[in-house]
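Inspection log for the structure reproduced underneath, given as structure tokens.
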Amino acid sequence: MLQKTLSRILGCVLLSYGSTVLAFTLIEIPQSQTSPGNTITDSFTLETQIQPIAASIRAQIFGHRRPGSSQKGTQVGRMMLANNAPASSSSDVNYLAAATSDSSGAGSGIGGGNSDSVWISAATNSLENDFSRTAFYGATNNLLVGFDLTRSDKYILGLSVGHEASNFTTTFNSGNEKTRGYNVNPYFAWLMSDKWSLDLILGYGDFDTRQTRTIAVTALPAVTAAVDSEFSSKRSFASTNLTNISTLGNWKLTGSLGYLGSTREQDAYMESNGNAVASTKQTSNQWNLLGEAAHGRGNSEAFFGAMYESNQDPQKITFTTGEQPANDPNSVVLTAGWRHFGRDLKANFVFFSRVGQDQVKQNGFSMMLRVDL
Numbered sequence: 006m007l008q009k010t011l012s013r014i015l016g017c018v019l020l021s022y023g024s025t026v027l028a029f030t031l032i033e034i035p036q037s038q039t040s041p042g043n044t045i046t047d048s049f050t051l052e053t054q055i056q057p058i059a060a061s062i063r064a065q066i067f068g069h070r071r072p073g074s075s076q077k078g079t080q081v082g083r084m085m086l087a088n089n090a091p092a093s094s095s096s097d098v099n100y101l102a103a104a105t106s107d108s109s110g111a112g113s114g115i116g117g118g119n120s121d122s123v124w125i126s127a128a129t130n131s132l133e134n135d136f137s138r139t140a141f142y143g144a145t146n147n148l149l150v151g152f153d154l155t156r157s158d159k160y161i162l163g164l165s166v167g168h169e170a171s172n173f174t175t176t177f178n179s180g181n182e183k184t185r186g187y188n189v190n191p192y193f194a195w196l197m198s199d200k201w202s203l204d205l206i207l208g209y210g211d212f213d214t215r216q217t218r219t220i221a222v223t224a225l226p227a228v229t230a231a232v233d234s235e236f237s238s239k240r241s242f243a244s245t246n247l248t249n250i251s252t253l254g255n256w257k258l259t260g261s262l263g264y265l266g267s268t269r270e271q272d273a274y275m276e277s278n279g280n281a282v283a284s285t286k287q288t289s290n291q292w293n294l295l296g297e298a299a300h301g302r303g304n305s306e307a308f309f310g311a312m313y314e315s316n317q318d319p320q321k322i323t324f325t326t327g328e329q330p331a332n333d334p335n336s337v338v339l340t341a342g343w344r345h346f347g348r349d350l351k352a353n354f355v356f357f358s359r360v361g362q363d364q365v366k367q368n369g370f371s372m373m374l375r376v377d378l
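Under this note's numbering, residues 6 to 378 are what the sequence shown spells out, in order.
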């Protein structure tokens, strides 16, 4: 009891002096069973629903390179740049060195260093919280279709549109939550040199959520009733990454420092039992540090990586009484996969798993197909 009391006092001190320490948003909930599902799930799903979108786009940014160069340079560029990230993380600009080393062909040949491509990506990632007072489980599925173009062998511009669907069983209140929506995501990359690159991805989405929860009407005899609700929300994000790569024989080593900022605005709504829920705005600022190693010969390669993620203003949940959730702000995403680089058709297959967070588990898979025009 003393430890819990001290923890709460410390939380108040940290909140008061948030300008000098790790900031966080504190949500105090009397009883989770009497709360709508999204009051709990929102604290865990903002980043996990954005990351598959950002990672899929970053996997396409460097999917084709130097179509006007020599045949050897073209093939190496496409092969080395068509890499990338898992549904929740990100090794993005891998292998630029091999692609950009063929400078003799830059700006020559067909298109003078200009090229186009279309791509499609599908990702699914499961999320589970096993702490009894906030317990839920389910998955988010993303389908993205995009088009990008390369200009002067240095600048990549693109746009993707996607459909997103999330389904969660909210065990803590004997209910469920279903969200559907669409997103639009423009992106840009600057290939600064044969080792360095910088990318920027923006996103906007519009969503509708339906949820239910179960409440007790009478204790003896036990009678329960379902409470329904619907609401709309909007979501935006910005992601940027500075990446460096190196090549050692058949090994390609990638390091990346990235930032992901996101915002979700939820409309006010009324539950079917007359309970009014106010509008809310949730923000997140996350830094990440990636390391990845890939090994391959010919037109395929296997890779593995790890990305450390640190949330600078996590939305923390606390209850007025009883046992409290872990509210871990940091985690590590482990990735492994295989890439194939055909002449005009490329493919990516990636598995990932999040570790380092008590009470929260996340696993996923993504795949990509890209056609060079």
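Glycine included, C-beta positions come from ideal geometry on N, C-alpha and C.
- For Gly-369 against Glu-182, the beta-carbon gap comes to about 19 angstroms, at or over 8 angstroms, which does not count as contact.
- Three or more Cβ pairs closer than 8 angstroms define a contact, and the region 354-369 falls short of that threshold against the region 118-125.
- A Cβ-Cβ distance of about 6 angstroms is found for the pair Thr-145 and Asn-130, placing them in contact under the 8 angstroms criterion.
- Nearest to Glu-306 by C-alpha distance, out of Lys-257, Met-275, Asn-290, Tyr-264, is Lys-257.
- As computed with DSSP, Pro-191 is found in a beta bridge with Leu-164.
- Residue nearest to Ala-60 within the set Asp-158, Thr-245, Leu-154 is Thr-245 (criterion: CA-CA distance).
- Two segments are said to touch when three or more pairs of C-beta atoms, one from each, lie closer than 8 angstroms; by this definition the region 329-347 touches the region 288-305.
- Among the bridge pairs identified by DSSP, Lys-257 is matched with Thr-252, Ala-299.
- Looking only at Ser-179, Asn-178, Leu-205, the smallest Cα-Cα distance to Pro-191 is reached by Leu-205.
- A distance of 7 angstroms or more separates the beta carbons of Gly-180 and Glu-169.
- At least 7 angstroms separates the beta-carbon of Ala-243 from that of Gly-210.
- Contact annotation, Phe-177 with Ile-45: C-beta distance approximately 6 angstroms; criterion of less than 8 angstroms satisfied.
- Secondary structure at Gln-54: helix, using DSSP grouped into helix, strand and coil.
- Measuring C-alpha to C-alpha distances from Leu-149 to each of Val-166, Lys-159, Gly-143, Asp-158 identifies Val-166 as the nearest.
- Taking the Cα of Leu-374 as reference, the smallest distance to any Cα among Ser-126, Asp-213, Ser-315 is reached at Ser-126.
- CA-to-CA, the gap between Phe-308 and Thr-259 works out to about 11 angstroms.
- If you check the CB distance, Phe-173 and Gly-143 come in under 7 angstroms.
- Shown here, Thr-175 sits in a strand according to DSSP, grouped into three states.
- Sequence-distant Cβ neighbours of Val-222 in its own chain, meaning closer than 7 angstroms and more than five residues away, are Val-228, Thr-229, Ala-230.
- Judged by beta-carbon spacing, Gln-216 lies within the 7 angstroms limit of Ser-234, meaning their Cβ atoms are closer than that value.
- In this structure, the CA atom of Thr-326 is about 48 angstroms from the CA atom of Leu-164.
- Taking every protein chain shown into account, the CB of Phe-354 has fewer than 16 other CB atoms within 10 angstroms, so this residue is exposed.
- With fewer than 16 other CB atoms across the displayed protein chains lying within 10 angstroms of its CB, Glu-328 is exposed.
- Rounded to whole angstroms, His-300 and Ile-250 show a C-alpha spacing of 13 angstroms.
- DSSP places Ala-307 within a strand segment (E or B) once states are collapsed to three.
- Along the length of the region 212-287, whole beta strand (DSSP E) runs at least 3 residues long occupy 228-253, 256-271, reported in chain order.
- For a cut-off of 8 angstroms, the C-beta gap from Ala-283 to Ala-273 is around 5 angstroms, short enough to register as a contact.
- Lys-351 and Gly-342 have their alpha carbons spaced roughly 14 angstroms apart.
- Asn-119 is not bridged by DSSP to any residue.
- Sequence-distant partners of Ala-331 (beyond 5 residues in either direction) whose C-beta falls short of 6 angstroms from its own C-beta, in its chain, are Asp-363, Gln-364.
- Here Trp-292 is actually not in contact with Ser-277; their C-beta atoms are around 41 angstroms apart, not less than 8 angstroms.
- Taking a C-beta distance under 7 angstroms as the contact criterion, Val-123 and Phe-141 do not qualify as a contact pair.
- Here Gln-271 has Phe-236, Ser-238, Ser-284, Thr-285 as same chain residues with Cβ atoms under 7 angstroms from its own Cβ, once five neighbours each way along the sequence are excluded.
- Put simply, of Leu-51, Ser-40, Leu-262 the residue whose alpha carbon is nearest the alpha carbon of Phe-212 is Leu-51.
- For Phe-356, the enclosing beta strand (DSSP E) has its first and last residue at 350-360.
- Under a 10 Å Cβ-count criterion, Val-189 is classified as exposed, with fewer than 16 other Cβ atoms of the shown protein chains found around its own Cβ.
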